[in-house]
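Asker:
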Amino acid sequence: MLLKAVLAVFAILAAVIVYFAAATEVFDMTSFPVYQKSDHYDPETRRFYDAVPMRSPGGTGAKLLRMVFDEKAFHPEKPLPTVRPDFKSFMAQGDSFRYMWLGHSTVLMNLGGTFLMTDPVFSDCVSPIPIMMHRFQKPAASMDEIPLPDAILISHDHYDHLDRKAVMYFAAKGVKFVTPLGVGERLRKWGVPEGSITELDWDGKAGIGGVSVTLVPARHASGRGLFDADRTLWTGYVAEKGGRAVYYSGDTSWGDHLEGIPRKFSGVTFDAAFIENGQYDESWPDYHMFPEETAKAASFFAPARFIPIHWGAYPLAVHTWNDSVKRSVSAAEKLGVKPLVPKIGEIFDSSAEPDRWYE
Ligand SMILES: [Zn+2]
Numbered sequence: 170m171l172l173k174a175v176l177a178v179f180a181i182l183a184a185v186i187v188y189f190a191a192a193t194e195v196f197d198m199t200s201f202p203v204y205q206k207s208d209h210y211d212p213e214t215r216r217f218y219d220a221v222p223m224r225s226p227g228g229t230g231a232k233l234l235r236m237v238f239d240e241k242a243f244h245p246e247k248p249l250p251t252v253r254p255d256f257k258s259f260m261a262q263g264d265s266f267r268y269m270w271l272g273h274s275t276v277l278m279n280l281g282g283t284f285l286m287t288d289p290v291f292s293d294c295v296s297p298i299p300i301m302m303h304r305f306q307k308p309a310a311s312m313d314e315i316p317l318p319d320a321i322l323i324s325h326d327h328y329d330h331l332d333r334k335a336v337m338y339f340a341a342k343g344v345k346f347v348t349p350l351g352v353g354e355r356l357r358k359w360g361v362p363e364g365s366i367t368e369l370d371w372d373g374k375a376g377i378g379g380v381s382v383t384l385v386p387a388r389h390a391s392g393r394g395l396f397d398a399d400r401t402l403w404t405g406y407v408a409e410k411g412g413r414a415v416y417y418s419g420d421t422s423w424g425d426h427l428e429g430i431p432r433k434f435s436g437v438t439f440d441a442a443f444i445e446n447g448q449y450d451e452s453w454p455d456y457h458m459f460p461e462e463t464a465k466a467a468s469f470f471a472p473a474r475f476i477p478i479h480w481g482a483y484p485l486a487v488h489t490w491n492d493s494v495k496r497s498v499s500a501a502e503k504l505g506v507k508p509l510v511p512k513i514g515e516i517f518d519s520s521a522e523p524d525r526w527y528e
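Throughout the sequence shown, residue numbering follows the numbering used here, covering 170 to 528 in sequence.
1. Among W480, P318, K433, L402, which has the Cα closest to the Cα of F470?
2. Would DSSP call M223 helix, strand or coil?
3. Is H327 near ligand 1 - that is, is its Cβ less than 7 Å away from at least one heavy atom of it?
4. If we count Cβ pairs, one from each stretch, closer than 8 Å, do we get three or more for the stretch 379–394 versus the stretch 409–424?
5. Would you report the Cα separation of R413 and L384, rounded to the nearest angstrom?
6. Helix, strand or coil: which one does DSSP assign to R474?
7. Give the single residue among S520, A500, P349, W526 whose Cα lies nearest to the Cα of V510.
8. Pull up the CB-CB distance for F346 and A320, whole angstroms please, since I reckon it's below 8 Å.
9. Tell me whether H389, by its Cβ, gets closer than 7 Å to a heavy atom of ligand 2.
10. Could you check whether D329 and Y483 sit closer than 8 Å to each other, using their CB atoms as the reference points?
11. Taking 7 Å as the cut-off, is the beta-carbon of H426 closer than that to any non-hydrogen atom of ligand 1?
12. Return the residue from the list G282, F284, H273 that minimises the CA-CA distance to L331.
13. At 4 residues or longer, what runs of the alpha helix (DSSP H) sit wholly inside the stretch 434–488?
14. Could you tell me the distance, in whole angstroms, from the CA atom of P222 to the CA atom of P454?
15. Mind pulling the beta strand (DSSP E) runs of 3 or more residues that sit fully within the stretch 328–401?
16. For D288 and D239, I'd like the C-alpha separation in whole angstroms.
17. In the DSSP output, what is G405 paired with across the bridge?
18. Give the secondary structure of K307 by DSSP, where H, G and I count as helix, E and B as strand, and everything else as coil.
19. Put M278 into one of helix, strand or coil per three-state DSSP.
20. Cutting at 7 Å between CB atoms, please list the residues of its own chain near Y218, excluding the five before and the five after it.
21. Going by other Cβ atoms of all chains shown within 10 Å of its Cβ, with 16 needed for buried, is R304 buried or exposed?
22. So, are the CB atoms of W480 and N446 less than 8 Å apart?
23. Terminal residues of the continuous beta strand (DSSP E) containing A414?
24. Throw me the rounded Cβ distance for the L322 and V415 pair, which I believe falls under 8 Å.
25. Taking 7 Å as the cut-off, does the CB of D319 come closer than this to any heavy atom belonging to ligand 1?
26. Within 10 angstroms of its Cβ, does D255 collect 16 or more other Cβ (buried), or is it exposed?
Below, the structure written as structure tokens:
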């Protein structure tokens, strides 16, 4: 234990040095534009904010220590069952909506021939200081096996959603990105071409193929370092085609905005709602929803299927790997919402029947 503690201290020091040496993205935040027109941005502090301010995390010390020294307690005992992705079938043309979950918040959607991917993250670790938050589940496919999407939707800049390597890989192939305010600026500073980025505020819309993509509110936070908290915006997405839509929550805690989102899409039916579920804790109650809140949020969309995401790859909290999904599935069923928990890599649509493989 002592040796582990000493090693951890050294690892933290080394990581901090490397981090400060490498993280120019942290220090040039004042070179970001001032987003005068956004009504959830303070031009004085140059930070975005939530309508209902988040409570600061409290009592996190002991939990973070457990996540460093007892990380395995939050991993599954053996690898999760995965399906080798059949991209040929996934990419087949047609009017249907088809999906594939690659773990955590990386979702592939073929919406009647338009291929979207959310928050592609393939890293072995999603902590800025690499002493915790290690991937316990290998990605079902490597980046170069994935057909090139028509667009990648980025929800916010936390490491478990914005993987610089993945961004640069797909950017080099000419893939387009849709981002909330500030995240596009980050991408430009990394070298993603201007013409590949559509950077929008909430309610902003982008047309991708025949699909209309709208940024919708979330209650969360952002930042990749010590000094860049909330300099960039966080968002969810609704992708709609021909009266059928998909909701992707990004990261969000509970709030009135959740009930408000589907109201903005009257006359639209939600084929699928991919909603964050996992990595919650009473010490950071306003960063993520508790599973029962996730289920309630799903009910607002009345989706053909509710798919819990933000779990199944990285331990970012002190609950067991399947606690969140067991709880949200049971809560959803009580609310009359049909949950679906696909295996990682599996192709599914909204007619798929639930399989309780995670129990
Ligand atoms: Zn986040």
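In this text, a Cβ means the ideal position worked out from N, Cα and C, and glycines have one as well.
Answerer: Once the coordinates are examined:
1. K433
2. coil
3. yes
4. yes
5. 16 Å
6. strand
7. W526
8. 7 Å
9. With respect to small molecules bound, the structure shown includes ligand 1 and not ligand 2.
10. yes
11. no
12. H273
13. 460–470
14. 12 Å
15. 345–349, 366–369, 374–377, 380–385
16. 27 Å
17. V385
18. coil
19. strand
20. H209, D211, D399
21. buried
22. yes
23. 413–417
24. Contact flag wrong, Cβ pair sits at about 10 Å.
25. no
26. exposed
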